[in-house]
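Per the numbering used here, residue 13 is the first one in the sequence shown, and the count goes up by one each step.
See structure below.
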Amino acid sequence: MTTLNRRLFLAASLLLGTALGGAAHAADSQVTIGFQTGVDPAKAAQAAGDYEKATGWKIAWRKFDSGADVIAAIASGDVQIGYVGSSPLTAAASRKLPIETIFIAALLGESEELVVRDTIREPKDLVGKKIGVPFVSTSHYSLLAALKHWNIAPKSVEILNLRPPELAAAFERGDIDGGYVWDPALGKLKEKGRVLVSSADLAKWGAPTFDAWIAAKDFAKAHPDVVTSFVKVTADSYKAYRDHPEAWNTGSDQAKAIAKLTGSKAEDVPGLLKANVWPLLPEQSSPELLGGGSVKAIAETAAFLAEQKKIPAALPDYSAYVNKAFVVQALTKLSSQ
13 MTTLNRRLFL AASLLLGTAL GGAAHAADSQ VTIGFQTGVD PAKAAQAAGD YEKATGWKIA
73 WRKFDSGADV IAAIASGDVQ IGYVGSSPLT AAASRKLPIE TIFIAALLGE SEELVVRDTI
133 REPKDLVGKK IGVPFVSTSH YSLLAALKHW NIAPKSVEIL NLRPPELAAA FERGDIDGGY
193 VWDPALGKLK EKGRVLVSSA DLAKWGAPTF DAWIAAKDFA KAHPDVVTSF VKVTADSYKA
253 YRDHPEAWNT GSDQAKAIAK LTGSKAEDVP GLLKANVWPL LPEQSSPELL GGGSVKAIAE
313 TAAFLAEQKK IPAALPDYSA YVNKAFVVQA LTKLSSQ
């Protein structure tokens, strides 16, 4: 059994043995939220305690290195809301885990890239090389999509399953020839390597990726006000950044707070924020995103993953795994203020 299948089997097994969201029901005044180390405007709100103020709940923030780990934690009932990429979201939905997308966290661009050693000058040089990537991540999906675009058989490249910290260390030691990953590991790779392709390039080639906030369905159904407040705080932070990106400069409190939470350098934060698109509330509910576009993107990702034999099969419909109701409710709150 591959590492990918073992992880997904574990998630499914945990789901069968545990009532999803049970931990939350045991203590309705506390929610556990799983986040990752990517740079985004909402990290400033997280550091400032804005989510706790808006929900009135205690929040246990848990940091994860990959979306697959977040999915497993949600399946076990340990986490109720989590940050994942479109690929692990698709893999989980394809196995019918009771989750739903509540907010599109980012439309990915240059925040995820394939960095290689200088000896790899063009795509064909990847053949026979060792490339690290966190399996079931958006970076994994993008790497496979890039190889397909270049007509390079994945089996001709030694693709290794490495979490971001492990990947950065392996590249530093010279154990691998490159890696497809996000910050802060990405920044460490770029210190000694060169970018061969980015997720912005993949989007132009027809393989776009995104990050999303998802919630356990039982939890979202039982506590819609909490989820709506979570969505609104996130969207407010995005608007604050998009209205005045110049205020989020290297010396700003926001950049320092984000750097502390993610492990990135404060001087890198402004550039990393510019690398992605941060959708606002009206955009979230549009036909391009939660209004239908994200369902289509998940379906297309599932078809690709099934073709690559990373999931058993794609579902005929993924609309049950996207819920724009909380964005709509947050918009209503915003208009009434």
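Heads up, the beta-carbon is just placed ideally off N, CA and C, and yes, glycines get one too.
Taking one beta carbon from each stretch, the stretch 74 to 88 and the stretch 290 to 302 have fewer than 3 pairs nearer than 8 Å; the two do not touch. Remark: C-beta atoms of residue 46 and residue 94 approach each other more closely than 7 Å. Two segments are said to touch when three or more pairs of C-beta atoms, one from each, lie closer than 8 Å; by this definition the stretch 308 to 325 does not touch the stretch 225 to 241. Annotated three-state conformation of residue 206 is strand, per DSSP. The alpha-carbon separation between residue 44 and residue 70 amounts to approximately 9 Å. Counting along the chain, residue 184 sits inside the alpha helix (DSSP H) bounded by residues 176 to 185. In the three-state scheme derived from DSSP, where H, G and I count as helix and E and B as strand, residue 243 is classed as helix.
For residue 113, DSSP records a beta bridge to 226 and 334. In the DSSP assignment, residue 126 falls outside any alpha helix (DSSP H) and within the unbroken beta strand (DSSP E) covering 124 to 128. Only exposed fits residue 256, as fewer than 16 other CB atoms lie within 10 angstroms of its CB. Checking the DSSP bridge columns, you'll see residue 119 partnered with 222 and 289.
For residue 86, the enclosing alpha helix (DSSP H) starts and ends at 79 to 88.
Rounded to whole angstroms, the separation of the alpha carbons of residue 340 and residue 304 is 14 Å. Note that the stretch 148 to 166 touches the stretch 129 to 136; at least 3 beta-carbon pairs, one per stretch, sit closer than 8 Å. Using a 10 angstroms sphere on the CB of residue 113, the tally of other CB atoms reaches 16 or more, which defines it as buried.
In this structure the stretch 181 to 199 lies against the stretch 277 to 292, because at least three pairs of beta carbons, one per stretch, are closer than 8 Å.
Pairing residue 145 with residue 155, the inter-Cα distance amounts to about 8 Å. Taking the Cβ atoms as the reference, residue 118 lies roughly 7 Å from residue 289, within the contact range of under 8 Å. Per the C-alpha coordinates, the member of 152, 242, 141 and 273 positioned closest to residue 63 is 242. Residue 54 carries a helical assignment under DSSP once its states are collapsed to helix, strand and coil. When the alpha-carbon of residue 212 is set against those of 222, 203, 204 and 205, the nearest one is in 222.
Residue 68 counts as exposed, since fewer than 16 other C-beta atoms from the protein chains shown sit within 10 angstroms of its C-beta. A distance below 7 Å between beta-carbons, with the five flanking residues on each side excluded, links residue 175 to the following residues of its chain, in chain order: 77, 78 and 146. Rounded to whole angstroms, the gap between the alpha carbons of residue 238 and residue 246 is 12 Å. Per DSSP, reduced to three states, the secondary structure at residue 327 is coil, with no helix or strand assignment.
The Cβ-Cβ distance between residue 231 and residue 92 falls below 7 Å. For residue 167, no alpha helix (DSSP H) run applies, since DSSP gives it neither H nor E.
The three-state secondary structure of residue 144, taken from DSSP, is strand. In the structure shown, residue 48 falls within a coil segment according to DSSP collapsed to helix, strand and coil. Inclusion of residue 313 and residue 98 in the CB contact set at 7 Å is warranted, their separation being smaller than that value.
Residue environment analysis places residue 261 among the exposed positions, since fewer than 16 neighbouring C-beta atoms fall within 10 angstroms of its C-beta.
One alpha carbon belongs to residue 142, the other to residue 330, and they sit about 34 Å apart.
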